[in-house]
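Just below is one structure, and these are the notes that go with it.
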Amino acid sequence: MNAAAVAADAGAITVRGVSKWFSTAEGTPLQVLDNIDLTIAAQAIVAIIGASGCGKSTLLNIISGLVTPERGDIILNGIPARNFSDWRSISYMFQEDRLLPWRTALRNVEFSLEAGSMPRAEREARARDALKLVGLESFADAFPYQLSGGMRSRVALARSLVQEPCILLMDEPFSRLDALTRAQMHEELLRIQQLKRMTIVFVTHDVEEAVVLADRVVIMAPRPGRIRDTATIALARPRDATEAATARQAHELKSLI
Ligand SMILES: Nc1ncnc2c1ncn2[C@@H]1O[C@H](COP(=O)(O)OP(=O)(O)OP(=O)(O)O)[C@@H](O)[C@H]1O
Ligand SMILES: [Mg+2]
């Protein structure tokens, strides 16, 4: 594959025939995912919704390389996961913000870059840029306890963005925020995605959130987790959760769940 082909594919994800079992206390393996097939184009925004326990987090864990499936393949940027080496181009934003309480916002964001060999000054400059991207440049020296829930989410988002990922995986990233802050975070995320053009795959329980953010929604069914349906959201952007077309789309989606 030539360099141009790789660049065009950067951020594309293919999940092919993935099945996953976990061992249980009783000894019988529990099948958590059954034959998941999913193709996500580079720069797409895809939402995953489904009942609690249907394997949404497990699927993100598998895409991120944290968990290995018993069956099937993951292909990232056109490269099978077993041959893929650029794991730093994939960021994973967990449901809880996981900020280190003894570090300032800036040092929390820098944390993502510490595993590499980047000089300290460059790390700090990049972390400041990421904080600016989420509108928190003036809170660089604040500790997590000095920040609101929404601000903490922004720091966590900055920490996910600082390594300039091609793929951003998010597991219910905004579920703990109030409706107003959540709507602000949606705008922020879409603005950043327009700028940086990364692929976003996020899990949510909030159908309205899926409709406002996603190009495509994947609906999972439980026991074992499988894909029940997928829906394309063709509404023009920017989308407003209070508009009739958005509400209608959310209503249609709820009938598929
Ligand atoms: N490491 C593990 N070991 C054993 N079982 C696990 C493990 N991780 C997840 N499971 C089981 O796999 C199933 C799917 O879990 P998962 O966390 O992927 O669900 P989910 O769809 O993300 O649920 P929720 O919406 O509640 O977050 C559950 O039955 C869970 O108990
Ligand atoms: Mg989960």
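Numbered by my numbering, the letters in the sequence shown go through residues 8 to 264 in order.
For glycine and all other residues, C-beta sits at the position ideal for the given N, C-alpha and C.
Option nearest residue i by Cα separation, candidates the options
i      : options                           : result
Phe181 : Ile199, Phe209, Ile70 and Val169  : Phe209
Asp136 : Met205, Thr31 and Leu168          : Leu168
Glu179 : Ile55, Ile20 and Ala17            : Ile55
Arg235 : Leu242, Ala51 and Lys63           : Lys63
Arg105 : Thr239, Glu195, Arg166 and Arg95  : Arg166
Ala248 : Ala190, Ala238, Glu259 and Leu197 : Ala190
Leu45  : Tyr99, Asp222, Phe150 and Ile81   : Ile81
Pro245 : Arg198, Arg233 and Thr211         : Arg198
Arg223 : Ala128, Pro231, Ser262 and Ile47  : Ile47
Three-way DSSP call (helix, strand, coil) for residue i in this model
i      : result
Arg161 : helix
Ile20  : strand
Arg78  : strand
Met100 : strand
Thr46  : strand
Ala11  : Low confidence applies to Ala11: its pLDDT is 44, below 50, so where it sits in the model is not reliable, and the reading given next is rough at best. Ala11: helix per DSSP, three-state reduction.
Ile86  : strand
Met192 : helix
Ile69  : helix
Thr111 : coil
Ala254 : helix
Ala238 : strand
Between the CA atoms of residue j and residue i - distance to the nearest angstrom
i      : j      : result
Tyr152 : Phe146 : 12 Å
Val53  : Ala132 : 31 Å
Glu216 : Leu67  : 18 Å
Gln102 : Phe118 : 18 Å
Val123 : Ala254 : It should be pointed out that residue 123 corresponds to Gly in this sequence rather than to Val. Going from the Cα of Gly123 to the Cα of Ala254 covers about 45 Å.
Gly18  : Val225 : 18 Å
Ala186 : Gln200 : 21 Å
Arg229 : Gly34  : Residue identity differs from the one stated: residue 229 is Pro in this sequence, not Arg. Roughly 21 Å separates the two Cα atoms.
Val13  : Gln256 : Note that Val13 scores 48 on pLDDT, short of 50, meaning its location in the model is unreliable; the coordinates nonetheless yield the value given after this. One C-alpha to the other measures close to 35 Å.
Leu260 : Ser26  : 25 Å
Arg78  : Arg204 : 31 Å
Leu242 : Glu250 : 11 Å
Residues bridged to residue i [DSSP beta-bridge criterion]
i      : result
Arg233 : Ala228
Phe29  : Leu37
Ile178 : The identity of residue 178 in the sequence shown is Asp, whereas the question assumes Ile. Paired residue(s): Val210.
Ile55  : Val210 and Val225
Integer Cβ distance of residue i from residue j, believed to fall under 8 Å
i      : j      : result
Leu220 : His193 : 6 Å
Thr31  : Leu37  : 5 Å
Ala112 : Val74  : Rounded, the Cβ-Cβ distance is 30 Å, inconsistent with contact.
Ile97  : Ile174 : 5 Å
Gly156 : Thr188 : 7 Å
Val214 : Ile240 : Between Ile240 and Val214 the Cβ distance is about 11 Å, and since that is not below 8 Å, they are no contact.
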